[in-house]
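Each protein sequence line maps, in turn, to chains A, B, C and D.
As numbered in UniProt numbering, residues 1 to 402 make up the first sequence, in order.
As numbered in UniProt numbering, residues 1 to 402 make up the second sequence, in order.
As numbered in UniProt numbering, residues 1 to 402 make up the third sequence, in order.
As numbered in UniProt numbering, residues 1 to 402 make up the fourth sequence, in order.
These notes are about the structure you will find just below.
Number of protein chains: 4
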Amino acid sequence: MDGVKVVLSYSGGLDTSVCLKWFREQGAEPYALYLDLGQGESAQDVEAKALRIGAAGAFVRDAREEFAAEYIAPAIKANALYGGKYPLFTALGRPLIAKKLVEAAREVGATHIAHGSTGKGNDQVRFDVTTASIAPDLKVVAPVRDWNMSRPEEIEYAKRHGIPVPVTKESPYSVDANLWGRSIEAGPLEDPDHEPAEDVFELTTAPEAAPDEPEYVEISFEEGLPTALNGEELELAELIGALNAQAGAHGVGRIDMIEDRLVGIKSREIYEAPAALTIIQAHRELESLTLTKDVLRFKAQVEQRYAELTYDGLWFTPLKSALDAFVEETQKTVTGTVRLKLYKGSSTVAGRSAPRALYNKELATYDPNSTFDESAAAGFITLWGLPARQWAAVNGGQTVPH
Amino acid sequence: MDGVKVVLSYSGGLDTSVCLKWFREQGAEPYALYLDLGQGESAQDVEAKALRIGAAGAFVRDAREEFAAEYIAPAIKANALYGGKYPLFTALGRPLIAKKLVEAAREVGATHIAHGSTGKGNDQVRFDVTTASIAPDLKVVAPVRDWNMSRPEEIEYAKRHGIPVPVTKESPYSVDANLWGRSIEAGPLEDPDHEPAEDVFELTTAPEAAPDEPEYVEISFEEGLPTALNGEELELAELIGALNAQAGAHGVGRIDMIEDRLVGIKSREIYEAPAALTIIQAHRELESLTLTKDVLRFKAQVEQRYAELTYDGLWFTPLKSALDAFVEETQKTVTGTVRLKLYKGSSTVAGRSAPRALYNKELATYDPNSTFDESAAAGFITLWGLPARQWAAVNGGQTVPH
Amino acid sequence: MDGVKVVLSYSGGLDTSVCLKWFREQGAEPYALYLDLGQGESAQDVEAKALRIGAAGAFVRDAREEFAAEYIAPAIKANALYGGKYPLFTALGRPLIAKKLVEAAREVGATHIAHGSTGKGNDQVRFDVTTASIAPDLKVVAPVRDWNMSRPEEIEYAKRHGIPVPVTKESPYSVDANLWGRSIEAGPLEDPDHEPAEDVFELTTAPEAAPDEPEYVEISFEEGLPTALNGEELELAELIGALNAQAGAHGVGRIDMIEDRLVGIKSREIYEAPAALTIIQAHRELESLTLTKDVLRFKAQVEQRYAELTYDGLWFTPLKSALDAFVEETQKTVTGTVRLKLYKGSSTVAGRSAPRALYNKELATYDPNSTFDESAAAGFITLWGLPARQWAAVNGGQTVPH
Amino acid sequence: MDGVKVVLSYSGGLDTSVCLKWFREQGAEPYALYLDLGQGESAQDVEAKALRIGAAGAFVRDAREEFAAEYIAPAIKANALYGGKYPLFTALGRPLIAKKLVEAAREVGATHIAHGSTGKGNDQVRFDVTTASIAPDLKVVAPVRDWNMSRPEEIEYAKRHGIPVPVTKESPYSVDANLWGRSIEAGPLEDPDHEPAEDVFELTTAPEAAPDEPEYVEISFEEGLPTALNGEELELAELIGALNAQAGAHGVGRIDMIEDRLVGIKSREIYEAPAALTIIQAHRELESLTLTKDVLRFKAQVEQRYAELTYDGLWFTPLKSALDAFVEETQKTVTGTVRLKLYKGSSTVAGRSAPRALYNKELATYDPNSTFDESAAAGFITLWGLPARQWAAVNGGQTVPH
């Protein structure tokens, strides 16, 4: 790789630090890119470390608002939960990082971008396919996947090259985090029958240790996006941060699942996503009040596909754009407020209201002065049941003898 | 209706009691049918009341096992939740009642069957279409829908004819219940922004009043159906009863939703279904361990359609049979045990195991001695990303300038 | 209906002529509306007839371009074929007529609109639901459905009131037509085993009587819409007219199908739609060249739902808008030219080209100097087959003993 | 590969002949397997050639009936057409060949199976994944893909080892065929704008050269499968053969398409499948008469997924089994006869009848003595349009000002 310019997605951790040095040793000219997506690290420290190890330059950016506006926001509108459970925070972050890698590569004239993913996960695919989607001329390299160093070999390599190695006893877990959630895997969690210990969690209090009094939280939406928390208007990134704190304090937001990775294997994952889960819960509640049955039924299928595409690294592809257009069109009337009750690990809807609610008490009520035309029912039933009646007339009742 | 024999679905309540007398007055020969589906009434009292009011005969049956085996069991395999939330207990009970009405009608030679549903709900459709599906020659009458008596008029009618009228202050709620759940609607609940008061609930303790210690429950499945609770083998109906008690005691099983009725309106519904929700939660968990990604993805669509059909009164129709065949085929390996933690309103999965789990720790582990072939990943990604790459090559990167 | 202003969709035929007079007799003030959608009648004659019978006013409009641009165009992009066969011309025309009825009603201050549909077809639903969708305050009346006059009674009524009755022997068929196609039903066609006689067809030559030489037609598209025929740029309505003539002359465009009506019954329908079928055929061909596999697979499902909604009278509903947004987003690159060979009843694709074709000969070729990376295949297959392999390892091969 | 026993799918052509010799040279013990799936070669010649080149043994089987009964039959019931066009004959044949390879491997104690596919097509995936699905312990090798010999190198190798090389001028096309169809690709066909020359076709007469008189063909089905042709009962394999001849003589069965290969590229394919296309056409026609609207609508989605799975090599996977169960359940009443008119390249339905037809002339007729209850229509429409009406009342009419 002599003389090759490469921009590396750099986290500050051991893997990508070793990558950086390794690129140098290969004769490449490596640049480090670090985005603050809300993972809670010090960007300055990461930058300093990159330069110290030998980066030819460092790109450090606060991308939280862009992440919220361009990646989380459409996912909220699509109620994007992979496997019905996982709010896709890592999957949403990767295309943004890849996009910034490409931008940096254009800036320094690099021909390669690089990431520290292994060969077993989804992220390698997300980096690669995103890059293919927006900059098909760039090459993507994944040294960690390809060099096959074991953990001890990496540590040995780091020590030999003066890369700082964490001295504390290593955590058995592998963790990833951003504004939209936090994942924990590996170690004892690889047994699907093993309940996660409390040391796994950071964003959520244990339900048993949560306050003895329930707390209500009110999330207000405009055209499908949360705009205010408990009556206070907030930018999306801020709102998510505040809700992570409030819901997490009540033990809300834990997920334990068996997940189908893109590469064909099942894995066991633990997630914490207090804001993501409560926002999507509230958003769905509001949709049930403001969207028609037909839209809700078809949107459920769009949502499933949307989550699959996002998980599978296909964020910047034409099907994703088309699904976005569908979803966007449905959100115009999804405005209103949802109240959730947070209590010892559970979030329960306590009320919802919307200026354009399709719920109509006068139609729905069992009161005698309902405006619903009951006489229409008999005619409706006659035609609704006609295919079943005709089927039975021709083929005989299915189970009951005449 | 002079001389017409009619079998009425009789609940013992005011509406159907008035129906019974009204049929007599029209010159019809009404028979009462009452099924114990686990709603918790005394069958003997109901029977006595029917005869006292003037039923020509009474069919009283304990149908709990049949209900569990023929209606709830397939719904479990299909994870049937309408709108993603409602476990369809009333919708599952109606076709069974209609079937028994038909059987009784055949027995006494009746030409009509009858029910006490109003014109605003789903049940009228379910009775009618089910009957059309299995006995297209029988006529279905719905006096309550068609006579348009107000509540006070009904009471006046009842008093005039010596039908006992409840003396206690009338509940503002309209309730329906069976083994698989309990619904509460009307009164103050018709305001979607009104949080239900505690007097609404019967099967579930308030989370705040639930035990301070979590409790674990273990549900074992064989080929998709729960067969043991906490290690003890139970018939399905018994198991549901026991789980309703255990989960309900921890405040688990409450549902608050805006629902799209078949007749085209939105309604607000409160449900309690401790056993239904925990069984489906556990069943899904076990499926995520034992079914392939492809099956899970397609089954999600089948499940949605299944719930819609069941809700819409189309239980005995050929599409329902075909979806059942699909579902049944997928359940052959869904055997194993799931452990849930019940605590103050929430049910959390704590572990799952299955003899035929597709999860393979040796493949999934991040351990160096994983059997996963990481070198295959690069080739996989190349082809997986090829359409996106080709698209970008032809149409230009979507967002990033070159 | 004394003093009630009503706008009637008036065709000039017997049914709606009787309606017009009948409204007058009821004391209503009826207005007639007639749209030229390409059905090939004289608008002037229709207008004169309406006024002669007693219309308070007549709205006569050439709506062909609007029909093409606002109704046919989105249907082309969506390849809208109900049951995979019927290009929905009547279903597309009804919402436009209903919209114009509403506009006319607003203009004259009418509170009612009316149409001449019977109670057995789909059109009554389309008129009614469209009106509900755009003007929920207007009442819709359907005298022909509600008065239950037999055909001889109608004729007798017409004669009594001086309404001209066709003197020629009545055709056994019921016909509807516009720019996008022509339907023929009733009479001997009600037997699904009866092959339609040649007198049924008007737009298409019998294949046996078609020219002995094939003819090629070239349809050019821009962003999903046909813009030129055989190299000549044409407005959509003109292009359709020209293609109806060219393809119809070769016997192309006949459809014979069993159709599921919205009202729950099956009917047998004969259609002629030379332009509709060839345009959709060519459009699909171009899409196969310019859209990714993912888009094509999901769009197939959108197309089916789109056709169902259109058929079912739900054109002006929010799900339709959202599906339109999806479809529209996919069409940006669907530009190119398709060549069809027309010959004695068949239309065969003979070639297609597109500036943004995703087909890449260098990738696809079996030539040794292909740019396709064959070495990637092994890795792809390993991961693609991993779930099947794992399933087999756990559950045993499905059919073959070890 | 010293001493390794391997069973090779042997066609008798150059590629697999070179494979056979190459295995010998590597020290392996290669067995040849050849199945007659109706491709029209002499099995004896192939066997002799294999042994002459050096096969340790040859398995030669007539598998036509098994192919028809176990692979084509379910595909007929599922109307399996990939991309709506391709009847999947090669995709259906591969899993059967793989299964027989596995059986032969078990018989001789081989640890490897082999095939002659290249790295660019779908077949390599089908062989590999099928084997993984039924015999995950066996290794699959693909020498042609992996050795990267060019065509001249292969010929040179063949000559050097005494393998007969075709002396005639090589066809520019690559062809595959069996009972269910014939594919032609490569050469000038790689230009999607190039109309195929007549020398491409073998099973179908050019429409222009076809008889000047139309011919009718009658296909009778029992429970979804064709059982008689023109009134004569035939085994499925025979029936297909006869129909290939009859329909092919009229120029029916040609397909020209742009296809999305599993490996991520688009290719241009020419197919001939006279029997496949006419059987599926007739089968669909019969389904439209005997299945309910609900079944037809959902089955359309199942069919699409079915075709995708089959194309993608996932024949022996659990989702395929579950889809089969769905399809099978729907076919119980699909019995009846369909008449098609064959004429100069087109096949047109001329009539259909079924003992259990759901079409009911008395309901559908526009005759005054129809049994359809028109008065039910108004009630039906009221409720059918209620969501649209409520939407408009809340959100304002979509396009028309009040």
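Positions of the beta carbon are idealized from the N, C-alpha and C atoms, including for glycine.
Remember, predicted model here, so these are calculated numbers, not experimental data.
According to DSSP, what are the bridge partners of residue 280 of chain C? When DSSP reads this structure, residue 280 of chain C sits in no beta bridge, so it has no partner.
Under a CB-based cut-off of 9 Å, is residue 9 of chain B close to chain C? Taking Cβ atoms only, chain C never reaches closer than 9 Å to residue 9 of chain B, which makes this a no.
In the DSSP assignment, the beta strand (DSSP E) including residue 341 of chain D goes from what residue to what residue? Taken as a continuous stretch (DSSP letters only), the beta strand (DSSP E) holding residue 341 of chain D covers 336-343.
Extract the residue ranges of the alpha helix (DSSP H) inside the region 358-398 of chain B, only unbroken runs of 4 or more that lie entirely within it. The qualifying runs are 361-364, 375-384 and 386-395.
Could you give the first and the last residue of the continuous beta strand (DSSP E) run that contains residue 239 of chain D? Element bounds for residue 239 of chain D: not the beta strand (DSSP E) but the alpha helix (DSSP H), 236-249.
Please state the DSSP three-state secondary structure of residue 288 of chain D. Correct three-state label for residue 288 of chain D: helix.
Once DSSP output is grouped into helix, strand and coil, what is the label at residue 216 of chain C? Strand, per DSSP.
Take every Cβ of the region 251-266 of chain C, pair it with every Cβ of the region 373-393 of chain A, and state whether three or more of those distances are shorter than 8 Å. In short, these stretches touch, since the Cβ pair count reaches three.
Distance, Cα to Cα, residue 460 of chain D vs residue 328 of chain D? As displayed, chain D neither begins before 1 nor continues past 402, which places residue 460 of chain D out of reach and without an answer.
Would you kindly work out how many angstroms separate the C-alpha atoms of residue 123 of chain B and residue 187 of chain B, rounded to a whole number? So the two alpha carbons sit approximately 20 Å from each other.
C-alpha gap between residue 96 of chain D and residue 71 of chain D, whole angstroms: Between the alpha carbons of residue 96 of chain D and residue 71 of chain D lies a distance of about 8 Å.
Under 9 Å between the Cβ atoms of residue 171 of chain A and residue 120 of chain B? Residue 171 of chain A places its beta carbon 9 Å or farther from that of residue 120 of chain B.
Cβ neighbours of residue 336 of chain A in the same chain (closer than 8 Å, five flanking residues each side left out): Taking C-beta separations shorter than 8 Å and ignoring five residues to either side along the sequence, the partners of residue 336 of chain A in its chain run 220, 221, 286, 289, 290, 352, 353, 354, 355, 356 and 357, following chain order.
Would you call residue 2 of chain B buried or exposed, if buried means 16 or more other Cβ atoms sit within 10 Å of its Cβ? Answer is exposed; the Cβ neighbour count stays below 16.
Assign residue 148 of chain A to buried or exposed, taking buried as 16 or more other Cβ atoms, counted over all protein chains shown, within 10 Å of its Cβ. So residue 148 of chain A counts as exposed.
Bridge partners for residue 33 of chain C per DSSP, in chain order? For residue 33 of chain C, which the question treats as bridged, DSSP gives the partners C:9 and C:59.
Partners in chain D for residue 380 of chain A, counting only beta-carbon separations shorter than 8 Å: Those within 8 Å of residue 380 of chain A in chain D are 376, 379, 380, 382, 383 and 384.
Against residue 292 of chain C, what residues of chain B qualify as contacts under a CB-to-CB distance less than 7 Å, listed in chain order? Residues of chain B passing the Cβ test: 387 and 391.
Reduced DSSP category for residue 253 of chain D - H, G, I as helix; E, B as strand; rest coil: In this structure, DSSP gives residue 253 of chain D a state outside helix and strand, which the three-state scheme calls coil.
Quick one: Cα of residue 156 of chain A to Cα of residue 54 of chain A, how far? Computed Cα separation, rounded: 18 Å.
Pairwise C-alpha distance: residue 239 of chain D and residue 229 of chain D: Between residue 229 of chain D and residue 239 of chain D, the C-alpha separation is close to 7 Å.
Buried or exposed by the 16-neighbour rule on C-beta atoms within 10 Å, applied to residue 305 of chain C: With 16 or more Cβ atoms within 10 Å of its Cβ, residue 305 of chain C is classed as buried.
Using a Cβ cut-off of 9 Å (strictly closer), state whether residue 124 of chain D contacts chain B. In terms of beta-carbon proximity, residue 124 of chain D stays away from the interface with chain B, with every pair separated by 9 Å or more.
Distance CB(residue 31 of chain A)-CB(residue 49 of chain A) smaller than 9 Å: In terms of Cβ geometry, residue 31 of chain A and residue 49 of chain A do not form a close pair [threshold 9 Å].
Taking three-plus beta-carbon pairs below 8 Å as touching, is the region 311-328 of chain D in contact with the region 313-330 of chain C? The region 311-328 of chain D, when compared against the region 313-330 of chain C, does not touch it at the 8 Å Cβ threshold.
Residue burial classification, residue 52 of chain A (beta-carbon count within 10 angstroms, cutoff 16): Label assigned to residue 52 of chain A: exposed.
Count the other CB atoms, across all protein chains shown, that sit within 10 Å of the CB of residue 26 of chain A; report buried if there are 16 or more and exposed otherwise. That one is exposed.
Spatial neighbours of residue 38 of chain C within its chain, please: CB distance less than 6 Å, with the 5 preceding and 5 following residues excluded, ordered by chain position. So the list reads 64, 178 and 179, once near-sequence residues are dropped.
Ordered along the chain, which non-local residues of its own chain (more than five positions away) have a Cβ less than 6 Å from that of residue 256 of chain A? The answer, listed in chain order, is 270.
Straight-line gap, residue 101 of chain C to residue 250 of chain C (C-alpha atoms, nearest Å): Rounded to whole angstroms, the gap between the alpha carbons of residue 101 of chain C and residue 250 of chain C is 38 Å.
Separation of residue 11 of chain B from residue 111 of chain B, as counted between CA atoms: Between residue 111 of chain B and residue 11 of chain B, the C-alpha separation is close to 21 Å.
Measuring only between beta-carbons, confirm whether residue 333 of chain D sits less than 9 Å from chain A. With a threshold of 9 Å between beta carbons, residue 333 of chain D makes contact with chain A.
Within 9 Å of any Cβ in chain A, is that where the Cβ of residue 301 of chain C sits? Interface residue, yes.
Out of C:396, C:20, C:79 and C:378, state which residue places its alpha-carbon closest to the alpha-carbon of residue 226 of chain C. Comparing Cα-Cα distances from residue 226 of chain C to each of C:396, C:20, C:79 and C:378, the minimum goes to C:79.
One question on the structure: do residue 35 of chain C and residue 20 of chain C come within less than 9 Å of each other, judged by their Cβ atoms? The Cβ atoms of residue 35 of chain C and residue 20 of chain C lie no closer than 9 Å to each other.
I want to verify the contact list: residues of chain B whose CB lies under 7 Å from the CB of residue 373 of chain C, in sequence order. Per Cβ cutoff of 7 Å: 382.
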